[in-house]
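> Line by line, the protein sequences are chains A and B.
Under numbering that gives the first Met the number 0, the first residue of the first sequence is numbered 0, with each subsequent residue one higher.
Under numbering that gives the first Met the number 0, the first residue of the second sequence is numbered 0, with each subsequent residue one higher.
Every residue gets a Cβ at the ideal spot worked out from N, C-alpha and C, and that includes glycine.
Can you keep this structure in mind? I'll have questions shortly.
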Amino acid sequence: MNKELLIETKQLQKKYVTDTVETTALAGVDLQIAKGEFVAIMGPSGCGKSTLLNILGLLDSPSAGSFKFLGQDITHASERQRAKIRKQNLGFVFQSFNLIDELTVEENIGLPLAYLGVSKAETEKRVTEAMERMGIAHRRNHFPQQLSGGQQQRAAIARATVSSPSLILADEPTGNLDSVHGREVMALLTELNEAGTTVVMVTHSPSDAEYAHRIVNLFDGQIVTENLNVRKHAAELL
Amino acid sequence: MLKNYLVITLRNLLRNKVYTAINLVGLAVGIASCLLIFLFLQHELSYDESFKDADRIYRVTSTVQKGDQTIETAAAIGPLAQLLPQEYPEVESATVLINMGQNAIRTDEQAFYTDNIIYADSNIFSVLDFPFIVGNPSTALKAPASIVLTSELAGKLFGSLEAALGKPVKYIASTFLVTGVIDQTAPSHINPGAILPLHFDAQTEYYVTDWNGIGGYTYLKLHKKEHAAPLQEKIADLYDRKATPGQSLAGITGATFQLQNITDAYLDKEKEAPVGEVGNITYIYIFGVIAGFLLLIASINYINLATARSAKRAKEVGMRKAIGASRAQVIQQFLLESVLLAIVASLLALMLVELTLPLFNTVTGKTIDSVLILSSELGMALLVIVLFIGIVAGSYPAFFLSRFSSAEVLKSNQTPKSGNALLRKGLVVAQFTISLVLITGTIVVYDQMMHVRNTDLGFDKEQVVAISIPSIGWVKQKENLAAIKQEFRRLPQVVLTTNAQQLPGEGAVKGDYLLEQNNRLVKKSINTISVGYEYLDLMGMKLSAGRNYSKDIRTDEQFRYILNEAAVKELGWSDAIDKRIKPTWADTANGTVIGVVKDFNYTSLHSKIEPLVIQLDPHFGKLVVRLEANTPLAATLSDMEDIWRKYFPGYPMDYSFLDESFHQQYQAEEKMLTIFTFFALLTIVIACMGLFGLASYMAEQRTKEIGIRKVLGGSVTDIVVLLTGNFATLVVIAIVLAVPVAWYAMDTWLQNFAYRTELSWWQFVAAGMGALAIALLTVSYQALKAATTDPVKALRAE
Ligand SMILES: Nc1ncnc2c1ncn2[C@@H]1O[C@H](COP(=O)(O)OP(=O)(O)O)[C@@H](O)[C@H]1O
Ligand SMILES: [Mg+2]
Chain A
0 MNKELLIETK QLQKKYVTDT VETTALAGVD LQIAKGEFVA IMGPSGCGKS
50 TLLNILGLLD SPSAGSFKFL GQDITHASER QRAKIRKQNL GFVFQSFNLI
100 DELTVEENIG LPLAYLGVSK AETEKRVTEA MERMGIAHRR NHFPQQLSGG
150 QQQRAAIARA TVSSPSLILA DEPTGNLDSV HGREVMALLT ELNEAGTTVV
200 MVTHSPSDAE YAHRIVNLFD GQIVTENLNV RKHAAELL
Chain B
0 MLKNYLVITL RNLLRNKVYT AINLVGLAVG IASCLLIFLF LQHELSYDES
50 FKDADRIYRV TSTVQKGDQT IETAAAIGPL AQLLPQEYPE VESATVLINM
100 GQNAIRTDEQ AFYTDNIIYA DSNIFSVLDF PFIVGNPSTA LKAPASIVLT
150 SELAGKLFGS LEAALGKPVK YIASTFLVTG VIDQTAPSHI NPGAILPLHF
200 DAQTEYYVTD WNGIGGYTYL KLHKKEHAAP LQEKIADLYD RKATPGQSLA
250 GITGATFQLQ NITDAYLDKE KEAPVGEVGN ITYIYIFGVI AGFLLLIASI
300 NYINLATARS AKRAKEVGMR KAIGASRAQV IQQFLLESVL LAIVASLLAL
350 MLVELTLPLF NTVTGKTIDS VLILSSELGM ALLVIVLFIG IVAGSYPAFF
400 LSRFSSAEVL KSNQTPKSGN ALLRKGLVVA QFTISLVLIT GTIVVYDQMM
450 HVRNTDLGFD KEQVVAISIP SIGWVKQKEN LAAIKQEFRR LPQVVLTTNA
500 QQLPGEGAVK GDYLLEQNNR LVKKSINTIS VGYEYLDLMG MKLSAGRNYS
550 KDIRTDEQFR YILNEAAVKE LGWSDAIDKR IKPTWADTAN GTVIGVVKDF
600 NYTSLHSKIE PLVIQLDPHF GKLVVRLEAN TPLAATLSDM EDIWRKYFPG
650 YPMDYSFLDE SFHQQYQAEE KMLTIFTFFA LLTIVIACMG LFGLASYMAE
700 QRTKEIGIRK VLGGSVTDIV VLLTGNFATL VVIAIVLAVP VAWYAMDTWL
750 QNFAYRTELS WWQFVAAGMG ALAIALLTVS YQALKAATTD PVKALRAE
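What follows is the structure in structure tokens.
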């Protein structure tokens with residue numbers, strides 16, 4: 000493991016304070032993720048997986064601890080800075096796809112490029128490429144509601160990758176899909192990872208976790224075990 | 000079930016506080032405006048309604064020919080009132096009265112200037128039964144030295160009304176005994192201040208004896224309404240038999256008559272020489288329309304907000320249907336909800352009206368104590384409004400909401416679409432179009448008012464004081480006026496003094512003249528004012544030819560005239576000086592024009608400057624004084640009052656400043672402008688409240704989308720622009736629609752003025768930009784709130 004670190008967290012904590020209760024979602028997480036890795040985060044419901052992923056994705060900020068992204072400490076970065084890092088480096092895939100209902104597939108996929116200020120011609124080229132890679136080019140003018148779940152998730156992955164991010168964060172990407180479409184999505188993520196993109200994925204499914212290099216097990220907001228995926232590593236070593 | 004509906008409704012209203020507040024405030028203001036307009040309308044239409052048998056009391060109005068001139072007048076000709084009941088049995092009773100205008104009514108202790116002093120024959124109370132508080136109507140005007148007072152005047156003079164009866168009061172040079180006190184609260188267009196017998200003054204005799212002149216105001220009570228139309232013809236025949244047009248000093252060559260029901264008299268502003276008060280129905284229309292608009296805008300808010308949040312109610316509807324409710328029942332429920340809202344809004348509106356009543360009373364001169372004790376008419380009006388809002392505004396949301404099928408709503412996790420977005424957009428555009436037209440209107444009206452104020456009037460109205468001279472018998476009056484003019488003049492603060500029967504702004508009287516045209520004398524009716532020496536100098540008016548009146552030229556008091564340029568132009572004279580002119584009644588050969596004055600505004604800026612004849616009369620009219628600039632007013636007036644008391648002891652010095660009284664003719668318009676501005680602003684406030692609610696639902700509905708956009712890198716600015724952009728487009732469309740409407744409406748309005756401001760682009764730009772700015776400000780609050788919420792929360796929410 001001599002690769003450059005993409006993410007490094009120290010004693011990451013997250014507390015949610017509501018009117019009456021204080022929930023500790025993360026209770027001191029130390030995690031390092033290198034460039035090019037494929038990491039799966041597993042654990043029972045409510046153990047803090049999504050919370051961790053959102054912090055790694057700069058959607059949320061920790062209550063305590065530190066967080067370095069590409070060697071830069073961004074624990075206390077402003078919303079503006081975080082938005083900038085987000086649109087330049089990150090892609091998101093959600094369990095519920097989170098496509099915008101009022102926009103067509105093509106417009107949905109083009110959105111990150113619009114926020115990056117990419118020219119129209121360039122946007123069209125890259126969106127077409129992304130759609131073709133995901134096999135949904137023939138659906139470009141459809142609205143999300145008109146697609147099947149698998150197609151929607153492929154559109155979401157296309158959107159997550161269209162800006163060529165260095166890190167893709169996926170929160171239970173197969174949660175709403177049947178097993179055939181689930182395997183399809185996992186194959187796509189693996190393909191992206193093999194092409195050099197770092198992938199961090201939250202999942203319940205042991206079979207999905209099999210695709211990752213490393214599995215992080217979370218329990219009550221803490222990492223309990225970190226396993227290297229022997230089969231994957233073996234394949235890499237070969 | 001009803002209870003269940005009520006509970007649900009109340010909980011919904013309480014839970015969605017912003018939604019409820021927007022609807023309640025908007026509807027309450029709209030309803031309150033409608034109620035006020037209704038009260039106002041009711042007041043304006045109630046004039047003369049309280050006379051017994053008002054439906055068969057008629058005023059005889061006349062259409063008088065003077066050569067090729069036609070005059071519509073509220074007065075009638077000659078002794079009709081005397082003759083009609085004798086000649087025609089269908090006339091039950093008749094009376095004639097004249098209005099002597101304002102004068103002082105006094106006791107030894109105090110004096111009060113009273114408007115509309117009426118001289119009437121003794122039949123007046125059998126036709127017009129003004130309610131007597133004390134006294135006997137059938138004998139009140141029988142004795143020549145009797146007077147009937149209003150309760151207001153009697154109260155001021157004598158303290159109690161009972162004490163007034165039989166007491167002496169003085170008017171001009173005579174003493175009268177109070178024979179009755181009437182209650183003047185019920186509105187009547189005659190609006191008498193005091194009523195005296197017609198025959199005490201021999202000078203007024205010709206009003207009721209001369210068949211060839213315009214006489215008094217004649218009122219008839221007929222046995223049956225149906226008699227009115229045929230009687231008109233009969234009166235015309237009678238006139239033709241009795242009149243000898245060749246002998247008419249007023250130059251009357253013919254006349255026809257109309258019987259106008261007394262309840263129509265007040266709102267008839269076409270007739271010349273109205274009796275007392277004349278109403279203006281145009282304002283009622285304008286405010287009626289504005290109140291309607293307010294209600295419409297508030298109803299649109301209700302429709303928009305109810306459908307926008309329909310997604311939230313869909314589950315409830317689905318549930319109700321699943322357990323067996325029919326669509327009709329669901330519709331019923333939502334209609335009930337809107338009616339309930341309208342009822343609560345009405346209660347608030349009644350409270351609002353109650354609070355604004357004092358203001359309303361000062362504007363209308365009405366004395367409504369409270370609207371909380373509903374009159375049956377007001378109750379009906381309220382009921383109509385409640386049903387209108389409840390059913391018209393409530394039905395679209397009700398039909399829309401009741402469409403959700405239970406299967407769709409309950410099975411899928413999808414939230415149903417929130418109503419017809421296009422309809423909502425259209426309604427918002429309609430709201431803003433209305434607001435914009437009103438706001439542009441306000442700006443134009445304001446601009447016109449300023450224009451009117453700054454127009455050169457042709458005279459200097461500052462520092463001029465006018466003082467009414469009490470009628471104390473014409474010999475004494477003349478002497479005192481001459482003396483007091485002299486004495487005032489000696490005060491160091493006084494520049495000049497003169498007298499005038501009509502001051503600028505008070506108009507003129509029509510005079511009939513024979514004038515030289517192509518070496519012949521032609522007859523013409525021309526506006527005339529009577530003024531003293533030095534009037535032109537005092538007013539700062541300029542001569543463009545000839546000379547001013549001079550005390551050194553003896554003949555100036557006899558048929559020497561100064562005309563304005565408009566008159567000279569109309570007569571086509573190249574040189575006006577020494578042209579012949581004389582009143583038709585005068586038996587003289589040497590009337591001449593001695594000067595031409597530059598045009599000045601002697602009526603109002605509504606009308607162009609008409610031809611004018613100025614005649615010299617140094618003996619009568621108001622006393623006019625020009626003060627030095629920057630004189631301390633209080634001290635000067637008190638010096639003047641010291642002198643006044645020597646000549647008119649017991650009479651208050653009733654003075655006014657010319658600039659103020661000239662300005663007063665625009666007071667009605669300015670009052671209307673204030674009200675107009677207020678309502679125009681209200682419409683935009685209510686429209687923006689709706690927008691606020693709509694924006695909040697829009698933001699709520701788009702929470703997920705906003706979350707996604709932020710996750711993908713959209714900045715706060717991006718999101719705010721995205722959300723406000725939609726609304727901005729709507730306002731821009733409204734601007735495009737409003738400009739031509741406002742342009743047309745205001746251009747039409749400005750045609751009423753002879754001196755008018757130009758419509759200009761800035762008025763429209765100001766209104767448009769203002770509305771846009773207010774709308775964006777309203778929406779951006781919600782947009783900013785939405786754009787700064789945590790995207791993680793937004794996406795978790797499902
Ligand atoms: N916005 C929030 N407010 C309060 N508690 C929260 C919030 N988000 C998450 N939690 C709590 O934090 C814990 C971890 O949540 P989460 O990270 O969503 O779990 P997981 O994704 O592993 O199921 C849970 O107990 C959850 O109830
Ligand atoms: Mg989760």
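At a threshold of 6 Å, does S49(A) count as lining ligand 2 (C-beta to nearest heavy atom)?
The residue given as residue 49(A) occupies position 50 in the first sequence. Residue side-chain check: S49(A) places its Cβ nearer than 6 Å to a non-hydrogen atom of ligand 2.
> For P273(B), which residues in the same chain have their Cβ closer than 7 Å to its Cβ, ignoring the five residues on either side in sequence?
Residue 273(B) sits at position 274 when you count from the first residue of the second sequence. Closer than 7 Å at Cβ, skipping near neighbours: A73.
> Residues of chain A with a CB under 7 Å from the CB of I707(B): which are they?
Sequence index remark: in the second sequence, residue 707(B) carries index 708 (1-based). What I707(B) touches in chain A: N97 and I99.
> Whole angstroms are fine: how far does the CA of T602(B) sit from the CA of D459(B)?
Stepping through the second sequence from its first residue, residue 459(B) is reached at position 460. Stepping through the second sequence from its first residue, residue 602(B) is reached at position 603. Pairing D459(B) with T602(B), the inter-Cα distance amounts to about 15 Å.
> Is T439(B) near ligand 1, in the sense that its beta carbon is under 6 Å from a heavy atom of that ligand?
For the purposes of this step, residue 439(B) is identified with residue 440 of the second sequence, where counting begins at 1. For T439(B), the shortest separation between its Cβ and any heavy atom of ligand 1 does not lie below 6 Å.
> My output table needs one value for G833(B): the three-state DSSP class, helix, strand or coil.
Given that chain B is displayed from residue 0 to residue 797, the structure contains no residue 833(B) and the question cannot be resolved.
> In terms of residue numbering, what span does the alpha helix (DSSP H) encompassing R132(A) cover?
Along the first sequence, one-based indexing puts residue 132(A) at 133. Here the alpha helix (DSSP H) through R132(A) covers K119 to M133.
> If we count the other Cβ atoms within 10 Å of its Cβ and call it buried at 16 or more, is N226(B) buried or exposed?
Locating residue 226(B) in the second sequence gives position 227, counting from the first residue. The question names Asn, but residue 226(B) is His in the sequence shown. Burial call: buried.
> Going along chain B in order, which residues have a C-beta closer than 9 Å to the C-beta of Y114(A)?
Within the first sequence, numbered from 1, the residue matching residue 114(A) stands at position 115. In chain order: R708, L711, G712, G713, S714 and D717.
> Confirm, please, whether the CB-CB distance from L168(A) to L52(A) is below 7 Å.
Taking the first residue of the first sequence as 1, we reach residue 52(A) at position 53. Taking the first residue of the first sequence as 1, we reach residue 168(A) at position 169. Contact flag set, yes.
> For the region 135 to 154 of chain A, which residues have a beta carbon sitting closer than 7 Å to at least one beta carbon of chain B?
none
> Roughly how far, in whole angstroms, is the beta-carbon of I99(A) from the beta-carbon of I302(B), given that I think they are within contact range, below 8 Å?
Residue numbering aside, residue 99(A) sits at position 100 when the first sequence is read from its first letter. Residue numbering aside, residue 302(B) sits at position 303 when the second sequence is read from its first letter. Between I302(B) and I99(A) the Cβ distance is about 27 Å, and since that is not below 8 Å, they are no contact.
> Taking 7 Å as the threshold (C-beta atoms), are I593(B) and R553(B) in contact?
Taking the first residue of the second sequence as position 1, residue 553(B) is located at position 554. Taking the first residue of the second sequence as position 1, residue 593(B) is located at position 594. Against a cut-off of 7 Å, the Cβ pair of I593(B) and R553(B) comes out as no contact.
> In chain order, what residues of the same chain lie with their CB nearer than 8 Å to the CB of L164(B), ignoring the 5 residues before and after it?
Against the second sequence, residue 164(B) aligns to sequence position 165. These residues qualify, in order along the chain: V133, G134, V177, T178, G179 and V180.
> Are three or more beta carbon pairs between the region 442 to 449 of chain B and the region 521 to 529 of chain B nearer than 8 Å?
The region 521 to 529 of chain B and the region 442 to 449 of chain B do not touch, with fewer than three beta-carbon pairs separated by less than 8 Å.
> Could you round the C-beta distance between L115(A) and S162(A) to whole angstroms and report it? I think they count as a contact, below 8 Å.
As a working note, residue 115(A) is residue 116 in the first sequence. As a working note, residue 162(A) is residue 163 in the first sequence. Contact flag correct, Cβ pair sits at about 6 Å.
> According to DSSP, simplified to helix, strand and coil, what is G116(A)?
The count along the first sequence starts at 1 and reaches residue 116(A) at position 117. In the structure shown, G116(A) sits in coil (DSSP, three-state: anything other than H, G, I, E or B).
> Thinking C-alpha only, which one of K320(B), K475(B) and A348(B) is nearest A172(B)?
Along the second sequence, one-based indexing puts residue 172(B) at 173. It is K475(B).
> Would you mind reading off the limits of the beta strand (DSSP E) that contains D219(A)?
The sequence position of residue 219(A) within the first sequence is 220, counting from 1. According to the DSSP assignment, D219(A) belongs to no beta strand (DSSP E), since it is labelled neither H nor E.
> Should E704(B) be flagged as near chain A, meaning a C-beta pair shorter than 7 Å?
For the purposes of this step, residue 704(B) is taken as residue 705 along the second sequence, with counting starting at 1. Output row for E704(B): interface = yes.
> Please indicate yes or no: does the CB of C687(B) lie closer than 6 Å to some heavy atom of ligand 1?
Stepping through the second sequence from its first residue, residue 687(B) is reached at position 688. Of the heavy atoms belonging to ligand 1, none sits nearer than 6 Å to the Cβ of C687(B).
> State yes or no: is the C-beta of C33(B) nearer than 6 Å to some heavy atom of ligand 1?
Along the second sequence, read from residue 1 onward, the residue named residue 33(B) stands at position 34. A distance criterion of 6 Å places the beta-carbon of C33(B) beyond contact range of ligand 1, judged by its closest non-hydrogen atom.
> Within 7 Å (strictly less), CB to CB, does S411(B) reach chain A?
Taking the second sequence and counting its residues from 1, the one referred to as residue 411(B) is at position 412. Because S411(B) carries a pLDDT of 48, less than 50, the predicted location of this residue cannot be relied on, and the following value inherits that uncertainty. For S411(B), the answer is no, since every Cβ of chain A falls outside 7 Å of its Cβ.
> Run through chain B and tell me which residues come within less than 7 Å of R125(A), C-beta to C-beta.
Numbered from its first residue, the first sequence carries residue 125(A) at position 126. In chain order: nothing, as chain B lies at least about 14 Å away.
> Hey, Y118(B) and L197(B) are a contact pair by Cβ (cut 8 Å); roughly how many whole angstroms apart?
Start at 1 with the first residue of the second sequence, and residue 118(B) comes out as number 119. Start at 1 with the first residue of the second sequence, and residue 197(B) comes out as number 198. Going by Cβ atoms, the distance from Y118(B) to L197(B) rounds to 5 Å, so yes, they are a contact pair.
> Over what stretch of residues does the alpha helix (DSSP H) that includes T816(B) continue unbroken?
It is not possible to answer for residue 816(B), since the shown part of chain B is limited to 0 through 797.
> If we define contact as Cβ-Cβ less than 7 Å, is A76(A) a contact residue for chain B?
In the first sequence, counting from the first residue as 1, residue 76(A) sits at position 77. Output row for A76(A): interface = no.
> Counting C-beta neighbours from all protein chains within 10 Å, is the total for Q94(A) 16 or more, i.e. buried, or is it exposed?
Within the first sequence, residue 94(A) is the residue found at index 95, counting from 1. The residue is buried, with at least 16 neighbouring Cβ atoms inside 10 Å.
> Which word fits D18(A), buried or exposed, when buried means at least 16 other C-beta atoms lie within 10 angstroms of its C-beta?
As a working note, residue 18(A) is residue 19 in the first sequence. Classification of D18(A): exposed, given that the 10 Å Cβ count is below 16.
> Would the region 5 to 15 of chain B count as touching the region 233 to 241 of chain B if we require 3 or more Cβ pairs under 8 Å?
Taking 8 Å as the limit for Cβ pairs, the verdict is that the region 233 to 241 of chain B does not touch the region 5 to 15 of chain B.
> Using CA atoms only, rank isn't needed, just tell me which of W572(B), A139(B), L1(B) and L386(B) is closest to N518(B).
As a first step, residue 518(B) is located in the second sequence; it is residue number 519 there, counting from the start. Of the listed residues, the one whose Cα sits closest to N518(B) is W572(B).
> Is there contact between the region 72 to 87 of chain A and the region 37 to 46 of chain A, where contact requires at least three CB pairs shorter than 8 Å?
Contact between the region 72 to 87 of chain A and the region 37 to 46 of chain A is absent: fewer than three C-beta pairs spanning the two stretches fall below 8 Å.
> Spell out whether any CB of chain A is found under 7 Å from the CB atom of K792(B).
On the second sequence, residue 792(B) is found 793 positions in, with the first residue counted as 1. Chain A contact via Cβ: absent.
> N53(A) versus chain B: which residues are under 7 Å apart at the beta carbon?
Reading the first sequence from its first residue, position 54 is the one you call residue 53(A). The contacting residues are V791.
> Could you name the residues that DSSP lists as bridge partners for K67(A)?
Within the first sequence, the letter at position 68 stands for residue 67(A). The partner list for K67(A) (beta bridge, DSSP) reads E7(A) and D72(A).
> So with Cβ pairs under 7 Å, would you call Q12(A) a contact of chain B?
In the first sequence, residue 12(A) corresponds to position 13, counting from 1. Not one chain B Cβ lies under 7 Å of Q12(A).
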